[in-house]
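Residues in the sequence shown are numbered from 1 upward in steps of one, following full-length UniProt numbering.
For glycine and all other residues, C-beta sits at the position ideal for the given N, C-alpha and C.
The structure under discussion appears below in the form of structure tokens.
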Amino acid sequence: MPYGFGSALVACAAADEPVCGLAYTCPPVRLIDQYAELGRRGQRDLASALTELELLAVAEHTRRSGVGTRLLAAVEERVSRDGGRLLFAKIRADDRPVLGWYRRRGYRLAADREPVVIDVADAMISFDDGGDDYRLAVKSLDAARQVRRIVAPGGTYLTIMASSPVIPSRPSSAMSYRYGKR
């Protein structure tokens, strides 16, 4: 893989017990491929900065026991330790319990087709949910920075900012990519 590999974390109640939870993360390869103009180094920087939580699943009999929360915390710690700046997941737009679960864990939910804008390799990278009945849940992995919603003349967007931000207008030169279904 030119941008790194996916990674899985599993949770078990005990060493001899079956798996009760799984989290799988990977670089957002299709998004990265859209930014060939960054060059290989810029694309690698983008792959290091952004991580997609592709799957977080917990066995039904262990739900509401904290397994998912602990898995998510372990994913965030690992991705942050590896230099990741932003973790995001796509959640069905009609799955209110899961959307709320992410919100309670510090994730900002993007509105339908609301872009997420991040500065990587001196370029403003922009992506959204692709308008496919999914929503993005995004979280900054830098404790000194947060995902903020910016209101600009053309609409709103999410971006990572320091705790005391100076609010910029929407980047006019931001490249855009719709992150669609697989």
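Check: So, R78 versus S163, is the Cβ gap smaller than 9 Å?; Outcome: no
Check: Any chance the stretch 103 to 123 sits against the stretch 136 to 149, with 3 or more Cβ pairs inside 8 Å?; Outcome: yes
Check: Throw me the rounded Cβ distance for the D132 and V116 pair, which I believe falls under 8 Å.; Outcome: At roughly 15 Å, the Cβ-Cβ gap does not stay under 8 Å, so D132 and V116 are not in contact.
Check: For S163, does the three-state DSSP call read helix, strand or coil?; Outcome: coil
Check: Which partner residues of L9 appear in the DSSP bridge assignment?; Outcome: A23
Check: DSSP state of D128, grouped into three classes?; Outcome: strand
Check: Among the residues of its own chain, which have a CB less than 6 Å from the CB of P28, if the five just before and after it don't count?; Outcome: L50 and E52
Check: Give a yes or no on whether the minimum CB-CB distance between G68 and chain D is below 9 Å.; Outcome: Judged by its chain identifiers, the structure shown contains no chain D, having just a single protein chain.
Check: Under a Cβ-count criterion, where at least 16 other Cβ atoms within 10 Å of its own Cβ denotes burial, should T156 be classed as buried or exposed?; Outcome: exposed
Check: Measure the CB-CB distance between E76 and L141 and report whether it falls below 9 Å.; Outcome: yes
Check: Please state whether DSSP places R81 in a helix, a strand or coil.; Outcome: helix
Check: Check E17 in the structure and name its three-state DSSP category.; Outcome: coil
Check: Please list, in chain order, all residues of the same chain as A59 whose beta carbon is under 6 Å from its beta carbon, the five residues on each side excluded.; Outcome: C20
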